[in-house]
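So the structure is just underneath, and the comments pick up after that.
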Amino acid sequence: MGEGLALLGGPRARNKPFDTLPKIGPEEKKAVMEALAGGMLSGFIAQPGDSFLGGSEVKELEEEFCRYFKVKFAVAMNSATSCLHAAVSAAGIGPGDEVIVTPYTMSASATCILMQNGIPVFADIDEDTFCIDPKDIRRKITKNTKAIVVVHLFGQSADMDEIMAIAKEHDLFVIEDAAQAPGAVYKGRLAGTIGDIGIFSFNQHKLITTGEGGIAVCNNPDLALHMQLLRNHGEVVVGKMEVKDAPPIVGYNYRMNEIEAAIGIHQFKRLDSMIRHTERLGSYLSDKLSGLEGIEVPRVSEGNNHIYLVYAIKFKAEIMGISRELFMEALKAEGVPGGGGYVRPIYEEPIYQGQKGYGQQGCPFKCPLYGKEIRYQKGDCPVVERMHYKELILLPVCRPAQTFNDMDDVVGAFKKVLGSIDELKAYQEEKRVHR
Ligand SMILES: *Cc1c(COP(=O)(O)O)cnc(C)c1O
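See the structure below:
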């Protein structure tokens, strides 16, 4: 070994920080100045007519999305959370309806169900893709099940063929949360365009950003109209529109402003080249790391490409004889950013454990229109719990600003730490004794 681990006082494998910030170029700056100069910071008015659908920048962003994703409709909003809510509403979810969702996702993928007084039912994840496992979806279906929220996690698509087959069989609505996988392809089709509605996020931590923002895509005009109404105070608009069977709408202000949309248009133009690059970085890293004892590189399941928004490896503590936490500590000391696990399984959050939703009655969980009892318990989804608490290490390193040299640094740090396991074992033992 010779060099000595940085954790134990040796030199770091890498001294430069990793750049995980989104790219904001002169095009975005110019577009913002132009939007400001026009004086029209939002084009939305809550009445039928042209301004019902917002300003010119919002409309252009939506058109760009329709073109790239080959969909008929795109509805931009102030966040992907708003889009998820609009999608669940458009799906017709209401009190007493169950919606199956993965517990390993950003909380809003499940909260959007509660927003419509639906009941989230959590299905376990697949241990290769970390996305929802179709086999467990089947087990969780009841006569109350109305929809599935699928999340394409970390940059790779869930098993959509299986999921769409289940949906067809049981007449279920499918919402694809593609916030982490814009441009990821599943068997020749873009993630987010396979189910009934797909959603994308532009928040700060995603590949392309408007600060805050999101967009929903679909091919069905009724679904698009429903989401447009929900976005823009639909309850005062729908009565003045000539729509047959006007949908029941509780409207919100989920509108995107012109400055955000102007930024979004230029961010979106960068997407394609960015994901080609992150995909190459990820496969390069996997080539170099695969075969190292004690870790497993991300599996890319058949028919998928992976854009590696998050590079997720599995750490085998029982093989290595040190804890994941100590391994992470050593890796971080070498200059590689990362963390153990993603978010804890959502059903462990107090809103599910305490079943307190709205008001004092515990709706929607205890809603008489549901008329059933739902339990959320530790152990509900064993795979997600093992992945989260024991195995997963997430590395935000395959980012657009990074190069293959940076990947070599990551590889160097892994090899250094994995090559010094005996020292780490001794260190772990010493810490245990002195506690
Ligand atoms: C970020 C994210 C969201 C929410 O996006 P916002 O735009 O912040 O509302 C939803 N789902 C997933 C999987 C996400 O990663």
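By numbering that gives the first Met the number 0, the letter at position 385 of the sequence shown is numbered 384, and the numbering carries on one by one without gaps.
Every residue gets a Cβ at the ideal spot worked out from N, C-alpha and C, and that includes glycine.
From the DSSP output, in three-state form, read off Met226 for me. helix
Please tell me whether, using a cut-off of 7 Å, the distance from the CB of Glu211 to the nearest non-hydrogen atom of ligand 1 is below it. yes
At least three beta-carbon pairs within less than 8 Å, the stretch 302-312 to the stretch 174-191: yes
The beta strand (DSSP E) enclosing Val31, as first and last residue numbers: Val31 -> not in any beta strand (DSSP E); alpha helix (DSSP H) instead, spanning Pro25 to Gly37.
Does the distance between the C-beta of Val150 and the nearest non-hydrogen atom of ligand 1 fall short of 7 Å? yes
How close, in whole Å, do the beta carbons of Leu466 and Tyr251 come, if the pair is a contact with beta carbons under 8 Å? The question about residue 466 has no answer here: the residues shown for the chain are numbered 0 through 434.
Beta-carbon spacing of Pro246, His225 below 8 Å: yes
Mapping DSSP to helix, strand and coil, what is Thr357? Per the sequence shown, residue 357 should be read as Tyr rather than Thr. Of the three classes helix, strand and coil, the one that applies to Tyr357 here is strand, per DSSP.
For Lys205, count neighbouring C-beta atoms within 10 Å of its own C-beta (all shown protein chains included) and say buried if the count is 16 or more, exposed if not. buried
Please name the residue or residues paired with Ala73 in a DSSP beta bridge. Val216
Under 8 Å: do the stretch 165-175 and the stretch 139-154 share three or more Cβ pairs, one atom per stretch? yes
Going by C-alpha distance, which of Leu152, Thr141, Asp132 and Asn143 is nearest Met163? Asp132
Nearest candidate by alpha-carbon position, reference Met39, set Pro25, Val57 and Gly24: Val57
Is the stretch 257-276 in contact with the stretch 290-301, if contact means three or more CB pairs nearer than 8 Å? no
DSSP three-state assignment for Cys362, whether helix, strand or coil: strand
What residue range does the alpha helix (DSSP H) around Lys134 cover? Pro133 to Lys139
Put Ala311 into one of helix, strand or coil per three-state DSSP. strand
Gly197 versus Ala85: straight-line alpha-carbon distance, rounded: 11 Å
Put Ile162 into one of helix, strand or coil per three-state DSSP. helix
If you draw a straight line from the C-alpha of Gln46 to the C-alpha of Lys239, how long is it? 8 Å
Contact between the stretch 374-391 and the stretch 339-356: three or more CB pairs below 8 Å? yes
Taking Cβ positions, are Ala12 and Asp405 nearer each other than 8 Å? no
Candidates Arg385, Ile248 and Asp158, of which the one nearest Ile136 by Cα: Asp158
Applying the 10 Å Cβ sphere with the 16-neighbour rule, what's the burial state of Leu20? exposed
First and last residue of the uninterrupted beta strand (DSSP E) at Asp176: Phe172 to Asp176
Can you check which of these residues, Asn218, Ile112, Glu2 and Gly53, is closest to Gly194 by C-alpha distance? Asn218
Candidates Arg254, Thr110 and Cys82: which alpha carbon is nearest Ser41's? Arg254
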